[in-house]
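Participant: In the working numbering, the protein residues as written are 247 to 1019.
Please find one structure pasted underneath; my questions will follow.
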């Protein structure tokens, strides 16, 4: 028989063999295999499927696959989640793999089409062999419980000897290597003998199983029908050599009996063990069942650690590990005080909100030590799948419990301190609303019976002390935020940073870099210089990195044998960190027309921003630049409306508005800006531009303005005042109604600033504008 040579796209199969005439689907995950499928769909839908010698090979070549495979027709492809593609194929003919020609995108190769050689047989012999195999397959189908109608329809659809041989190979075995033997054999007579032997063996096995079943039934009493299935499975396991399966089941039962858990939980585990005992140990369902049992056994149902209610000891631990953070420490000590009086373990749900690097995560670890609780952390940043919280239903292969249950397993007690880190970063998409899933977890009235989809039993979370962290509470959905007690962690002052770096960060970095205080030391002046001239941040992360950079440089000098002084000072600091990054005072040096210093708050702390206004010939337009948000744009419109209404007060000719355009710009145009607190800043900038009066360069301001010139209160006052003090501002204007918030501002900040509270724009102008020249 003449054999044809053809070049086809190739998929190297792992752990399976596909035969001619089979219709089967399989999943494709490797990029090259997916590209091969896509190429085949565009070029005749034919593809060559050949088995790998080892399933562990990721990038197979010709030597990694067997010689014979099957040319198939792709009938359907379906794209699955996770980048998988499900392919439905129909086997067409045997083929021998000659070589991989290959491309960078997909596998392809040269194959020799083998076809069928049954035409070379005598017609009578071929028909007799075909009918014999059909008759044997009828016996097989009947023995395996198939209906007679199915058998007739299957056999009538088979058209030749070669087709029924491959039908037997695909029906009577799932073993990859047994199927491959049919592809490897060129002689149809030998393939025919292999098919006869396979059907005969399968019929013998079925007969043995039937006899075993009858023997078992004769041995047991009619009143013990409940044990029939177990006995049959045990008999099969003994034949397969799975003698230790029962020992495993007995061990699980023993662990369940010793488990400290409610009776209904133990009953559920016993039921699952009984179900597990009826399954084949090699089945996927048994694996899921075993995983569920182990998870249930590992959960701390009634196990609790003993809390520390000693307030004095707790306070010492918190003060030893952290400087400042008085609000958080005070709230935790209040929790201990209430427990000492009332008893019980019910805890508040606290959210620590503040800029990055202000100690939110680290203080949670110290709180756990102070309370003598286990500490577990769940990072929620970027979590978008609801199943990450509630768990996956165990009907799916690979199902697992949610992060809350996994954290309890890790803690091994039912009352840990559970940190929900970056709770403001959770997302929502087609897989569910993660924030809504957290509502049940963080509701003190409901979490005593939290139900994970995987566990399917209520789990008590009421003893867990939940502490969440966030940078921006505005990004947290309102229902979720309402369930938590928010404690603000504001930016550190220079004094606080000095204490933190001196008492904690220097020692930590020396240890991490293998140094001692005798080898490297920092005096107070150099620490102040690093804080003020090398960092500009709300927290202390960058400060710690700068200390680490000094230590690494010193370590390099020491290992290199260079002679250096062991004391890092303000004079030699540039040798370690380079030139200063920030000046002590970054404010403008002189008064200017139309330039006003404003104050702003962001999720990473307070900052200052300049608002510039200029007047130019035009037709009364207002141009706003600097990537301003909608609220800020409306503030500019309000400011212009107010100025036009009181133009006479500042001797502004009304014709100016008709014959000129006003352009307002807020520098750092790549950074988005929004909010109403720049209202008085933009109003003053426009008044200055329209009147030609200069604005004092050493004054900053914040406040929302109305159409009648009233100054309304704003938020983030402490952060804004701290930002003003850092760059050397001397005076700050704040809304009158924010005067009551000054008690939250640190004394060292207030000592550097002269604060003026203002009720309206007249007072703002009086304080900030120079007189007419």
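All residues carry an ideal CB built from backbone N, CA and C; glycine is no exception.
1) What does the Cβ neighbour count give for residue 904, buried or exposed, with the cut at 16 atoms within 10 Å?
2) Counting C-beta neighbours from all protein chains within 10 Å, is the total for residue 423 16 or more, i.e. buried, or is it exposed?
3) Relative to the C-alpha of residue 956, which candidate in 998, 983, 438 has its C-alpha closest?
4) Could you check whether the stretch 988-1006 touches the stretch 960-980, counting it as contact only if at least three pairs of C-beta atoms, one from each stretch, sit closer than 8 Å?
5) Does residue 587 pass the burial test, meaning 16 or more other C-beta atoms within 10 Å, or should it be called exposed?
6) How is residue 298 classed by DSSP in three states: helix, strand or coil?
7) Should residue 420 be labelled buried (16 or more other beta-carbon atoms within 10 Å of its own) or exposed?
8) Could you tell me the distance, in whole angstroms, from the CA atom of residue 391 to the CA atom of residue 448?
9) For residue 210, which residues in the same chain have their Cβ closer than 8 Å to its Cβ, ignoring the five residues on either side in sequence?
10) Do residue 924 and residue 859 have their CB atoms nearer than 9 Å?
11) What residue range is occupied by the uninterrupted alpha helix (DSSP H) comprising residue 544?
12) My guess is that residue 667 and residue 623 are in contact by the Cβ rule of under 8 Å, so how many angstroms apart are they, rounded?
13) Step through the CB atoms of chain D and report whether any lies within less than 9 Å of the CB of residue 415.
14) Near residue 399, what residues of its chain come up, given a Cβ to Cβ distance below 7 Å and the 5 sequence neighbours on each side ignored?
15) Note down the Cα distance separating residue 350 from residue 299, rounded to an integer number of angstroms.
16) Please determine, among 564, 509, 758, 703, the residue with the shortest C-alpha to C-alpha distance to residue 640.
17) Give me the residue from 311, 550, 576, 367 with the minimum Cα distance to residue 562.
18) Who are residue 945's beta bridge partners in DSSP?
19) With distances taken from CA atoms, which of 520, 565, 733, 536 is nearest residue 598?
20) Kindly identify the DSSP beta-bridge partner or partners of residue 206.
21) If you follow the beta strand (DSSP E) that residue 906 is in, where does it begin and where does it stop?
22) May I ask you to report which of helix, strand or coil DSSP gives residue 860?
23) Let me know the secondary structure DSSP gives residue 339 once reduced to three states.
24) I want to know whether the stretch 644-652 touches the stretch 601-618 - three or more CB-CB distances under 8 Å.
25) What are the boundary residues of the alpha helix (DSSP H) that includes residue 263?
26) Expressed to the nearest angstrom, what Euclidean distance is found between the alpha-carbon atoms of residue 436 and residue 304?
27) Just how far apart, CA to CA, sit residue 711 and residue 327?
28) Buried or exposed, going by whether 16 or more other CB atoms sit within 10 Å of the CB of residue 1016?
29) Could you tell me if residue 550 is buried or exposed, where buried requires 16 or more neighbouring beta carbons within 10 angstroms of its beta carbon?
30) Check residue 734 in the structure and name its three-state DSSP category.
31) Between residue 759 and residue 801, which are expected to be in contact by the criterion C-beta below 8 Å, what is the C-beta distance as a whole number of angstroms?
32) Are residue 774 and residue 740 touching if we call contact CB-CB under 9 Å?
33) Shortest alpha-carbon distance to residue 655 belongs to which of 761, 784, 707?
34) Whole angstroms is fine: what's the gap from residue 554's alpha carbon to residue 564's?
35) For residue 968, does the count of other Cβ atoms within 10 angstroms reach 16, so buried, or fall short, so exposed?
36) Going along the chain, which residues of its own chain have a beta-carbon closer than 7 Å to the beta-carbon of residue 266, five neighbours each way excluded?
Facilitator: According to the data block:
1) Here residue 904 corresponds to residue number 658 of the chain shown, with the count starting at 1. By the neighbour-count rule (16 or more Cβ atoms within 10 Å), residue 904 is not buried but exposed.
2) Working through the chain shown from its first residue, we reach residue 423 at position 177. So residue 423 ends up on the exposed side.
3) Taking the first residue of the chain shown as 1, we reach residue 956 at position 710. Cα-wise, what sits closest to residue 956 is 983.
4) Yes, the stretch 988-1006 touches the stretch 960-980.
5) Residue mapping note: residue 587 aligns to position 341 of the chain shown, counting from 1. With fewer than 16 other Cβ atoms within 10 Å, it is exposed.
6) As a first step, residue 298 is located in the chain shown; it is residue number 52 there, counting from the start. Looking at residue 298 - three-state DSSP - the assignment turns out to be strand.
7) For this step, residue 420 is matched to residue 174 along the chain shown. Per the 10 Å Cβ criterion, exposed.
8) By 1-based counting over the chain shown, the position of residue 391 is 145. By 1-based counting over the chain shown, the position of residue 448 is 202. Computed Cα separation, rounded: 14 Å.
9) Coverage of the chain is limited to positions 247 through 1019, which leaves residue 210 absent and any answer about it impossible.
10) For this step, residue 924 is matched to residue 678 along the chain shown. For this step, residue 859 is matched to residue 613 along the chain shown. Result no, Cβ atoms of residue 924 and residue 859 do not sit closer than 9 Å.
11) Counting from 1 along the chain shown, the entry for residue 544 is found at position 298. Residue 544 -> alpha helix (DSSP H) spans 530-544.
12) Numbered from 1 along the chain shown, position 421 holds the residue referred to as residue 667. Numbered from 1 along the chain shown, position 377 holds the residue referred to as residue 623. The Cβ separation is near 6 Å, so the contact holds.
13) In the structure shown, chain D does not exist; there is a single protein chain.
14) As a first step, residue 399 is located in the chain shown; it is residue number 153 there, counting from the start. Any reading at residue 399 is ruled out, since the residue's pLDDT is 47, under 50, leaving its predicted position unreliable.
15) Sequence index remark: in the chain shown, residue 350 carries index 104 (1-based). Sequence index remark: in the chain shown, residue 299 carries index 53 (1-based). The straight-line gap from Cα to Cα measures roughly 22 Å.
16) Counted from its first residue, the chain shown places residue 640 at position 394. Just measuring C-alpha positions, the residue of 564, 509, 758, 703 sitting nearest residue 640 is 703.
17) Taking the chain shown and counting its residues from 1, the one referred to as residue 562 is at position 316. The option with the nearest alpha carbon to residue 562 is 576.
18) Sequence index remark: in the chain shown, residue 945 carries index 699 (1-based). Answer is 977, bridged to residue 945.
19) Numbered from its first residue, the chain shown carries residue 598 at position 352. Nearest to residue 598 by C-alpha distance, out of 520, 565, 733, 536, is 733.
20) The structure shown does not extend to residue 206, since the chain is modelled only from 247 to 1019, so the question has no answer here.
21) For this step, residue 906 is matched to residue 660 along the chain shown. That run of the beta strand (DSSP E) goes 906-911.
22) As a position in the chain shown, residue 860 is number 614, starting the count at 1. Annotated three-state conformation of residue 860 is strand, per DSSP.
23) Position 93 of the chain shown holds residue 339. When secondary structure is reduced to three states using DSSP, residue 339 falls in the strand class.
24) At 8 Å Cβ cutoff, the stretches do not touch.
25) To locate residue 263, count along the chain shown from 1; it is residue 17. Where residue 263 is concerned, there is no enclosing alpha helix (DSSP H), because DSSP gives it neither an H nor an E.
26) Here the question's residue 436 lines up with position 190 in the chain shown. Here the question's residue 304 lines up with position 58 in the chain shown. For residue 436 and residue 304, the distance between alpha carbons rounds to 34 Å.
27) In the chain shown, counting from the first residue as 1, residue 711 sits at position 465. In the chain shown, counting from the first residue as 1, residue 327 sits at position 81. Rounded to the nearest angstrom, the two C-alpha atoms are 36 Å apart.
28) Translated into the one-based positions of the chain shown, residue 1016 becomes position 770. Answer is exposed; the Cβ neighbour count stays below 16.
29) Position 304 of the chain shown, counted from the first residue, corresponds to residue 550. With fewer than 16 other Cβ atoms inside 10 Å of its own Cβ, residue 550 counts as exposed.
30) Your numbering for residue 734 matches position 488 in the chain shown. Secondary structure at residue 734: strand, using DSSP grouped into helix, strand and coil.
31) Working through the chain shown from its first residue, we reach residue 759 at position 513. Working through the chain shown from its first residue, we reach residue 801 at position 555. Rounded, the Cβ-Cβ distance is 5 Å, consistent with contact.
32) The count along the chain shown starts at 1 and reaches residue 774 at position 528. The count along the chain shown starts at 1 and reaches residue 740 at position 494. Their beta carbons are under 9 Å apart, which means residue 774 touches residue 740 by this criterion.
33) As a working note, residue 655 is residue 409 in the chain shown. Closest by alpha carbon: 707.
34) For this step, residue 554 is matched to residue 308 along the chain shown. For this step, residue 564 is matched to residue 318 along the chain shown. Distance between residue 554 and residue 564, taken at the CA atoms: about 13 Å.
35) Taking the first residue of the chain shown as 1, we reach residue 968 at position 722. Counting of Cβ neighbours within 10 angstroms places residue 968 among the buried residues, the total reaching 16 or more.
36) Within the chain shown, the letter at position 20 stands for residue 266. The answer, listed in chain order, is 316, 337, 338, 339, 340, 412.
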